[in-house]
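Here the structure is laid out as structure tokens; the discussion comes afterwards.
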Amino acid sequence: AQSVTQPDIHITVSEGASLELRCNYSYGATPYLFWYVQSPGQGLQLLLKYFSGDTLVQGIKGFEAEFKRSQSSFNLRKPSVHWSDAAEYFCAVGSTGGGNKLTFGTGTQLKVEL
Amino acid sequence: GAGVSQSPSNKVTEKGKDVELRCDPISGHTALYWYRQSLGQGLEFLIYFQGNSAPDKSGLPSDRFSAERTGGSVSTLTIQRTQQEDSAVYLCASSLLRGGANEQFFGPGTRLTVL
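Protein chains in written order, with the working numbering: chain A, 160 to 273; chain B, -7 to 107.
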């Protein structure tokens, strides 16, 4: 069965600092990978996705992620964090068959210090 | 265009009552998903509809949970005889399936509280 691990439950960074959120997945084939962000009281917003091709993908709000097959990882990065980036971030893997239902990690809560 | 909408945004009910949660997907999206977000379990898949195919119910936690999708559009998630452990945020998502890969667009969720 597919699974996603986000080892960091909470991360605090200073505004302007760089950010990396870790995500490791378990899946038997090439996965579909996603990063979503959830602000308090809001639904999930897609930041970026990887289906195939270039392993470095660019998303919205200045985020990027790199797919590393050898490490089964899909870490999210941002060079300079803004206070408005404070939110919860979810990594997800989608099955390549059967409708691509998503399996989510447990999320990483990001706090930004001014 | 309009995104995925869900109603009600909040629902408080008493243990043992039935509740219905509604989802309006993005127009033209053929796939519709229900997920549940709770403190203890995180984000869990519940059920998936695709066109006229039989739904994938593999994530439903018990037979008290059911869902239907009428006319390939609006979906209703029904929870019968609610229990306190059903308290959670229920999220709906829709997508266009293209060759198996898709991007799911999520609604704002319905927060269910069972007293």
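The C-beta atom is built at its ideal place from N, Cα and C for all residues, glycine as well.
{"Item": "Ends of the beta strand (DSSP E) at Y209/A?", "Value": "L203 to Y209"}
{"Item": "Buried or exposed, going by whether 16 or more other CB atoms sit within 10 Å of the CB of A160/A?", "Value": "exposed"}
{"Item": "Can you list the alpha helix (DSSP H) stretches of 4 or more residues lying completely in the segment -1 to 62 of chain B, in chain order?", "Value": "none"}
{"Item": "Going by C-alpha distance, which of K49/B, P0/B and T5/B is nearest L13/B?", "Value": "P0/B"}
{"Item": "Does the Cβ-Cβ distance between V163/A and Y191/A come in under 7 Å?", "Value": "no"}
{"Item": "Please list, in chain order, the chain B residues whose beta carbon lies closer than 8 Å to that of Q161/A.", "Value": "Per Cβ cutoff of 8 Å: no residues; Q161/A is ~11 Å from chain B at best."}
{"Item": "Relative to chain B, which residues along the segment 186 to 208 of chain A have a C-beta separation below 7 Å, given in chain order?", "Value": "Y191, Q201, G202, L203, L205 and K208"}
{"Item": "Shorter than 7 Å from the beta carbon of N94/B to some beta carbon of chain A?", "Value": "yes"}
{"Item": "Compare the C-alpha of S58/B against each of G(-5)/B, A85/B and F41/B and name the closest.", "Value": "F41/B"}
{"Item": "Report all residues from its chain with a CB closer than 6 Å to the CB of K9/B; omit the five preceding and five following residues, and keep chain order.", "Value": "T74"}
{"Item": "Report the residue from L35/B, Q33/B and V4/B whose alpha carbon sits nearest the alpha carbon of R103/B.", "Value": "V4/B"}
{"Item": "Of all the options T265/A, L273/A and S231/A, which has the alpha carbon lying nearest to the alpha carbon of Q33/B?", "Value": "T265/A"}
{"Item": "Rounded to whole angstroms, how far is the Cβ of S232/A from the Cβ of C182/A, which I believe are closer than 8 Å?", "Value": "6 Å"}
{"Item": "How about F263/A: is its C-beta nearer than 7 Å to some C-beta of chain B?", "Value": "yes"}
{"Item": "Below 8 Å on C-beta distance, what does K260/A contact in chain B?", "Value": "Y25, F37, Y40, D48 and G51"}
{"Item": "My output table needs one value for E272/A: the three-state DSSP class, helix, strand or coil.", "Value": "strand"}
{"Item": "What three-state label does DSSP hand S229/A in the structure shown?", "Value": "helix"}
{"Item": "When the Cα of Q76/B is compared with those of P17/B, W26/B and S30/B, which residue comes out closest?", "Value": "S30/B"}
{"Item": "With DSSP as the reference, please indicate the residues paired to G253/A in a beta bridge.", "Value": "Y191/A and L261/A"}
{"Item": "Does the Cβ of L88/B have 16 or more other Cβ atoms within 10 Å, making it buried, or fewer, making it exposed?", "Value": "exposed"}
{"Item": "G218/A touches chain B at which residues, Cβ-Cβ below 9 Å?", "Value": "Result: empty, since nearest Cβ-Cβ is about 12 Å, beyond 9 Å."}
{"Item": "Check whether the Cβ atoms of S(-3)/B and G99/B lie closer than 7 Å to each other.", "Value": "yes"}
{"Item": "Going by Cα to Cα distance, which pick from Q72/B, A23/B and E6/B is closest to C84/B?", "Value": "A23/B"}
{"Item": "Which of the three DSSP states, helix, strand or coil, is assigned to Q76/B?", "Value": "helix"}
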